[in-house]
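Report on the following structure.
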Amino acid sequence: MQEYFTALGIPKEVFDYLIMPLLIFCARVMDVSINTLRIMFVLNGKKKIAPILGFFEAMIWLLAIGQIFQNINNPMSYVAYAGGFAMGTFVGMTIEEKLALGRVLVRVITPEPMPDLIEYMKDRNYRFTSVGAEGRYGKVNLLFTVMKREDLQKYIEKVKTLNDKAFYTIESVKRISEDDLNVMEDRPRFTTKVWSRLRK
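Everything in the sequence shown is counted per the working numbering, starting at 131 for the first residue and increasing by one.
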């Protein structure tokens, strides 16, 4: 690689202390970002795409570490390697947030019932469980639901709108028993709406 850049008239010092560290940095950003996404797909049970990402992750890592050994006396290579790892972690987490893949379990705990939130969930065909429970200061209401991560933000905003003092927890869900869970939550079924109205 160095011979190629030398043939282009680039001085060896520029290659050693600028171009090579930059290439190592970019490679590290790519492989750590892919690693973050691969772990996300593994946790969500995506058996097809996770191995493919693992292949490219390992390939890019080998290229980066190979350049490190070829330039073992160059301190800029170590800085670029560590910096690429840090930036790759940030980039991977950002991409993961944007993709919002998988599902989450949301628990909402309030001291009083939340009929408006329950109606909101029924209108969107969410499956949920509402139970009474005992808290430190008396009886509370506990609402469980599993939903797509892409819908989580709107749901939390709705919870805060209805009760800004509501306590909630969120957990990732690796697997669910029904593959079609919430597949119609963005397009509520007509029968669900009718049944909801008849119960009033």
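Virtual Cβ for every residue (Gly too), placed ideally from N, Cα, C. Model, not experiment: these values are computed from the prediction.
Please classify methionine 277: does DSSP put it in a helix, a strand, or coil?
On the sequence shown, position 147 is the one that residue 277 refers to. Methionine 277: strand per DSSP, three-state reduction.
Roughly how many angstroms separate the alpha carbons of leucine 328 and lysine 252, rounded to a whole number?
Residue mapping note: residue 328 aligns to position 198 of the sequence shown, counting from 1. Residue mapping note: residue 252 aligns to position 122 of the sequence shown, counting from 1. Caution applies to leucine 328, whose pLDDT of 44 falls short of 50 and renders its modelled position unreliable; the model cannot decide the point.
Three or more C-beta pairs closer than 8 angstroms, one from the region 193 to 204 and one from the region 218 to 234: is that the case here?
The region 193 to 204 vs the region 218 to 234: no contact.
I'd like to check one pair, phenylalanine 274 with phenylalanine 258: are the Cβ atoms closer than 8 angstroms?
Counting from 1 along the sequence shown, the entry for residue 258 is found at position 128. Counting from 1 along the sequence shown, the entry for residue 274 is found at position 144. The Cβ atoms of phenylalanine 258 and phenylalanine 274 lie closer than 8 angstroms to each other.
Residue burial classification, phenylalanine 185 (beta-carbon count within 10 angstroms, cutoff 16):
Here residue 185 corresponds to residue number 55 of the sequence shown, with the count starting at 1. For phenylalanine 185, the number of other beta carbons within 10 angstroms of its own is below 16, and it is reported as exposed.
To the nearest angstrom, how far is it from the Cα of proline 318 to the Cα of glycine 175?
Your numbering for residue 318 matches position 188 in the sequence shown. Your numbering for residue 175 matches position 45 in the sequence shown. Because proline 318 sits at a pLDDT of 47, beneath the cut-off of 50, its placement in the model cannot be relied upon, and the point is left open.
Would you give the residue range spanned by the beta strand (DSSP E) that phenylalanine 297 belongs to?
Looking up residue 297 in the sequence shown gives position 167. Run containing phenylalanine 297: 297 to 303, per the beta strand (DSSP E) assignment.
To the nearest angstrom, how far is it from the Cα of alanine 212 to the Cα of leucine 152?
In the sequence shown, residue 212 corresponds to position 82, counting from 1. In the sequence shown, residue 152 corresponds to position 22, counting from 1. Each residue's alpha carbon lies about 12 angstroms from the other.
Do you know offhand how far glutamate 143's Cα is from alanine 216's?
As a working note, residue 143 is residue 13 in the sequence shown. As a working note, residue 216 is residue 86 in the sequence shown. Answer to the nearest angstrom: the Cα atoms are 26 angstroms apart.
Apply the 10 Å Cβ neighbour rule to serine 163 and answer buried if 16 or more other Cβ atoms are within range, or exposed otherwise.
The residue given as residue 163 occupies position 33 in the sequence shown. By the 10 Å Cβ count, serine 163 comes out buried.
Give a yes or no on whether the minimum CB-CB distance between methionine 251 and chain D is below 8 angstroms.
Protein chains in the displayed structure number just one, and chain D is not present.
Drop a sphere of 10 angstroms on the beta-carbon of threonine 299, count the other beta-carbons inside from all chains shown, and report buried for 16 or more, exposed for fewer.
Position 169 of the sequence shown, counted from the start, is the residue given in the question as residue 299. With fewer than 16 other Cβ atoms within 10 Å, it is exposed.
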